[in-house]
Amino acid sequence: MNDKRFTQEKNRRNGFYLALAVCLVAVGIAAWSTYDAVNSYVEPTSQSEELVDQQEEDVREGQETMGDADTADEQDAEGGSADTDAEVSVSQSEVDPDDPEAPRDTSAQETAGEVTQSSEASEEEESSASQEESSETQEVPTTAPLYEISTEMIWPIEEGETQTAYSAGAPVYSPTMKDWRIHTGLDISAESESPVLACGNGQVKETYTDSMLGNVVLIEHGDYLFYYCGVGENFMVEPGDVVTMGQQIGVVTAVPFEAAEEPHLHLEVRRDGVALDPQAVLDGTV
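So the number in this note's numbering is just where the residue sits in the sequence shown, counting from 1, plus 45.
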């Protein structure tokens with residue numbers, strides 16, 4: 046009985062020691078894992094701190110080196126300036142302004158003379174260039190009239206009289222057409238083959254034959270277009286010709302749509318496409 050009790054107590058002690066051993070092993074493993082993790086974290090941090098310290102030290106050394114170099118440059122510049130001032134003062138003290146035989150520094154005078162001559166030459170070139178530009182601007186543009194615009198007009202028939210006036214939009218009876226119609230021109234009485242004269246200076250724009258108006262010479266007189274109608278079988282001027290006031294441009298013949306009337310010149314005047322009273326234009330009352 047006693048042996049059995051002793052055996053049970055012995056077994057309990059052995060189990061206790063075994064459990065204690067297992068706990069110690071577990072604690073050792075946990076401690077080792079913790080130490081390894083902390084060590085792996087601390088080492089990079091210390092290395093980073095060492096690297097930062099090294100970089101700061103390099104920067105301080107570079108700044109000290111640059112400061113030494115700047116100080117040396119300033120000393121060299123001050124020394125060179127002092128040497129130059131000394132040389133200038135010595136050279137000035139050596140030259141006696143009252144001594145006519147003393148050497149003079151003529152380089153500055155020569156340079157000033159060259160600068161003056163150069164500026165004068167530049168001014169002359171600019172003046173000539175401006176004159177050329179002004180002459181170019183004064184040239185007559187290609188679109189300008191090729192004639193002097195007349196300030197007054199003459200009648201195209203010497204001693205001519207009004208045969209049928211401009212109707213100003215009112216219809217008048219036509220003996221030839223046997224109807225009432227607006228008379229858009231001025232009929233000036235004249236003998237057949239009488240000279241037809243240019244009313245002013247101008248340029249011939251067109252010559253053509255119309256079934257109602259006969260041979261027509263269209264002449265530009267300034268802002269006005271003059272249509273000289275019924276001016277002979279053959280044209281005496283051509284498009285592009287420049288005519289002068291009083292120059293003959295044709296002769297009086299028949300105007301087909303007014304053939305039943307006495308011989309006359311049919312004259313129409315337009316400005317900006319609008320028919321005007323020819324007599325008012327000739328008299329200068331428009």
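Backbone N, C-alpha and C fix where the C-beta goes; we use that ideal spot for every residue, glycine too.
Owing to the predicted nature of the structure, the values given are computational and were not obtained by experimental measurement.
Scanning its chain for C-beta atoms nearer than 8 angstroms, with the 5 sequence neighbours on each side dropped, one finds around L270 the residues K250, L263, I264, V314, R315, R316, in chain order. When S212, E197, S239 are compared, the shortest CA-CA separation from E204 is found for S239. In this structure, the alpha-carbon of I199 lies about 27 angstroms from that of S219. With contacts defined by Cβ atoms closer than 9 angstroms, G275 and T252 do not form a contacting pair. Taking C-beta atoms as the reference points, E303 and D255 fail to come closer than 9 angstroms. Contact between M257 and P308 is ruled out by a C-beta separation of about 17 angstroms, above the 8 angstroms threshold. Of T207, Y192, R226, A210, the smallest CA-CA separation from P216 is found for R226.
Looking at V282, E278, E206, N246, the one whose alpha-carbon comes closest to that of D268 is N246. In this structure, V288 sits near Y192, with a CB-CB distance shorter than 9 angstroms. Just measuring C-alpha positions, the residue of A75, I202, L65, V72 sitting nearest Y273 is I202. Distance from the CA atom of E306 to the CA atom of M290, rounded to whole angstroms, is 28 angstroms.
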